[in-house]
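J.: At position 371 of the sequence shown (counting the first as 1) the number is 1038 in the numbering used here, and the numbers step up by one without a gap.
We treat Cβ as the ideally placed atom computed from N, Cα and C, and that holds for glycine.
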Amino acid sequence: EEKRTLTLGGHVGFDSLPDQLVSKSVSQGFCFNILCVGDTGIGKSTLMNTLFNTVFETEEASHYESNVHLRARTYGMQESNVDLKLTVVDTVGFGDQVNKEERKRPSLHKKVMLSFFFCSFKPIIDYIDNQFENFLQEELKIKRSLFNYHDTRIHACLYFISPTGHSLRSLDLVTMKMLDSKVNIIPIIAKADTISKSELHKFKIKIMSELVSNGVQIYQFPTDDEAVAEINSSINALLPFAVVGSQDEVKVGNKLVRARQYPWGVVQVENESHCDFVKLREMLIRVNMEDLREQTHTRHYELYRRCKLEEMGFKDPETDMQPFSLQETYVAKRREFVAELQRMEEDMRQMFVIKVKETEAELKERERELHERFDRVKRMHQEEKKNLEEKRRELEEEMNSFNRRKMAAETLQALALQTSKDKKR
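1) Do three or more CB pairs link the segment 920–940 to the segment 878–892 at distances below 8 Å?
2) Within 10 angstroms of its Cβ, does L835 collect 16 or more other Cβ (buried), or is it exposed?
3) Quickly, what does DSSP pair C698 with across the bridge? List them, please.
4) Assuming contact is defined by CB atoms lying nearer than 7 Å, are L825 and C703 in contact in what I supplied?
5) Taking 8 Å as the cut-off, does the segment 888–898 touch the segment 856–863 (at least 3 CB pairs, one atom from each stretch)?
6) For K975 and H964, I'd like the C-alpha separation in whole angstroms.
7) Can you tell me the Cβ-Cβ gap for T754 and T674, rounded? I've got them flagged as a contact below 8 Å.
8) Need the endpoints of the beta strand (DSSP E) that L737 sits in, please.
9) Of all Cβ atoms in chain E, is any one closer than 7 Å to the Cβ of S834?
10) Given 8 Å as the limit, is there contact between the segment 708–727 and the segment 911–918, that is, 3 or more CB pairs closer than that?
11) Within a Cβ cutoff of 6 Å, which residues of the same chain sit near Y742, ignoring the five residues on either side of it in sequence?
12) Can you give me the C-alpha to C-alpha distance between K871 and L970, rounded to a whole angstrom?
13) Just to confirm before moving on: does the CB-CB distance between L803 and R972 stay below 7 Å?
14) With DSSP collapsed to three states, give me the class of T721.
15) Which runs of the alpha helix (DSSP H) at least 4 residues long sit entirely within the segment 1011–1084? Give them in chain order.
16) With distance defined between alpha-carbon atoms, name the residue in G760, F719, L718 nearest to L737.
17) Could you check what DSSP says for F827 in three-state terms: helix, strand or coil?
18) Indicate the three-state DSSP secondary structure (helix, strand or coil) for V934 in the structure shown.
19) Report back the beta-carbon spacing between T758 and V735 to the nearest angstrom; my notes put them in contact at under 8 Å.
20) Any heavy atom of the ligand SAH inside 6 Å of the beta-carbon of K711?
21) Does Q914 come out as helix, strand or coil in the three-state DSSP assignment?
22) If you draw a straight line from the C-alpha of R637 to the C-alpha of E1064, how long is it?
23) Measuring alpha carbon to alpha carbon, tell me which of T996, R966, Q1049 ends up nearest E977.
24) Does the distance from the C-beta atom of P854 to that of I828 stay below 7 Å?
25) Return helix, strand or coil for C703, following the three-state DSSP convention.
26) If we count the other Cβ atoms within 10 Å of its Cβ and call it buried at 16 or more, is I791 buried or exposed?
27) Since I874 and P907 should fall inside the 8 Å C-beta cutoff, what is the C-beta to C-beta distance between them, to a whole number of angstroms?
28) Are the CB atoms of I902 and M950 nearer to each other than 7 Å?
29) By the 10 Å Cβ neighbour count, where 16 or more other Cβ atoms means buried, how is G838 classified, buried or exposed?
30) Are the CB atoms of V895 and V954 within a distance shorter than 7 Å?
31) So which of P930, W931, N938 has the shortest CA-CA distance to K922?
32) Can the beta-carbon of L718 be found closer than 7 Å to that of R948?
33) Rounded to the nearest angstrom, what separates G676 and D682 at their Cα positions?
34) What is the rounded straight-line gap between the Cα of K864 and the Cα of H941?
35) Can you check whether the CB of V933 is closer than 7 Å to the CB of V917?
36) Should V756 be labelled buried (16 or more other beta-carbon atoms within 10 Å of its own) or exposed?
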């Protein structure tokens, strides 16, 4: 329906709603979660310290990690009565295995390299999805407490690119492509003071060209808000940011500034002619922090939530005339579950019948083999018995023959003795 505009007869007071909202938000405090992706020793911790002008408690990572794991640390910060719960997530061991294998075996097969890439970015994706899942489970509770819930969803991913001056590594392209639908990616060139300005300019153009050609969607600072449209539009043209981080203070003129001291000169962190650190801080913290939080919730989390709910059987009605029914969805899902359970039971029954038949066949085969062995042993026994009987018969015949010869010999001997006696008489 078309709304009607009414004229108020006097002051009502709902013009204080923005003030109420600000007051409530300030009392609740804010949270912001940053994911730092990059090789070991590329300067992730140093840049975080420089961005928030403090020293975070970090452990020095080894270059010899066997696999990638994520280390999250949460800090409480306050500035002008505004509380911020900041979580910094570091990717420990990212790219180390790939770098080592490339040095050992430069001509690695493509499939082998892809397996190393998978082992590098899979833990990062799992971590991001786990934070989405935790938030979704909290939303689906009957008794929710989102007011007190510590939101750990990643709001910004600072992707640290090595300052090679040539092109993006395959690992960088594959990882950013896998992450772009899950998190707001802000690519930055780390240690930008290690290459010349002309090389840096060409490197930026090359990086953006490769990102576009490979379909990698990085975070674009919003230009739909007139208050920040002009500055964000100009900053979008400067991506990726070339940054230098340092907590050391160096005296330049009459001032102490954060800088890196070299034999050939001083690189000032907050000098915009030296690097893009100020622009990064301005865009990330001072201008677009709330937009990063909003984009995480309305775009990346909603995509994850929609996919998960569709897996559970919940779908939006095809037309506005079809109201959504939770009961119908539950009944349909239960029917699918029961059908699946019955199918699994039938499969198990069929498998059991097959196993029984196979066992019966095996038992019959073993029974047949035992019968054959019994018959074979029985025949052998009968043959041996027959042979023994034959030998016993032959032995008896030999004994009878011997006895007859013995009796004949004894008879002859008796006759001879009698004859000898007769002659003597």
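T.: Quick answer:
1) No, the segment 920–940 does not touch the segment 878–892.
2) By the neighbour-count rule (16 or more Cβ atoms within 10 Å), L835 is buried.
3) K752.
4) For L825 and C703, yes; Cβs fall inside 7 Å.
5) Touching, no, given that fewer than three Cβ pairs across the two stretches are closer than 8 Å.
6) Distance from the CA of K975 to the CA of H964, rounded to the nearest whole angstrom, comes to 15 Å.
7) For a cut-off of 8 Å, the C-beta gap from T754 to T674 is around 49 Å, too long to register as a contact.
8) 736–746 is the span of the beta strand (DSSP E), which, as asked, contains L737.
9) The structure shown has no chain E; it contains just one protein chain.
10) With a cut-off of 8 Å on Cβ pairs, the segment 708–727 is in contact with the segment 911–918, counting three or more such pairs.
11) So the qualifying residues of the chain are L753.
12) Each residue's Cα considered, the two are about 30 Å apart.
13) The Cβ-Cβ distance between L803 and R972 falls below 7 Å.
14) In the three-state reduction of the DSSP assignment, T721 falls in the coil class, being assigned neither a helical nor a strand state.
15) Within the segment 1011–1084, no complete alpha helix (DSSP H) segment of 4 residues or longer occurs.
16) If we check each option's Cα against that of L737, G760 comes out closest.
17) For F827, the secondary structure class from DSSP, reduced to helix, strand or coil, is strand.
18) Strand, per DSSP.
19) At roughly 6 Å, the Cβ-Cβ gap stays under 8 Å, so T758 and V735 are in contact.
20) Looking at this structure, you won't find the ligand SAH or any other ligand, since it has none at all.
21) It is coil, neither helix nor strand.
22) The chain is shown only over 668 to 1092; residue 637 falls outside these bounds and no answer can be derived.
23) Taking only the C-alpha atoms, the option nearest E977 is T996.
24) The Cβ atoms of P854 and I828 lie closer than 7 Å to each other.
25) C703: strand per DSSP, three-state reduction.
26) Its Cβ being crowded by 16 or more others within 10 Å, I791 is buried.
27) At roughly 6 Å, the Cβ-Cβ gap stays under 8 Å, so I874 and P907 are in contact.
28) Cβ distance < 7 Å, so I902 and M950 count as in contact.
29) A small correction: the amino acid at residue 838 is Leu; Gly does not occupy that position in the sequence shown. Burial call: buried.
30) In this structure, V954 places its C-beta atom within 7 Å of the C-beta atom of V895.
31) Cα-wise, what sits closest to K922 is N938.
32) Yes, the pair counts as a contact, with Cβ atoms nearer than the cut-off.
33) Cα atoms of G676 and D682: separation of roughly 15 Å, rounded to the nearest angstrom.
34) Taking the straight line joining both Cα atoms gives about 9 Å.
35) Against a cut-off of 7 Å, the Cβ pair of V933 and V917 comes out as a contact.
36) Burial is judged here by how many other beta carbons sit within 10 angstroms of a residue's own beta carbon; V756 has at least 16 and is buried.
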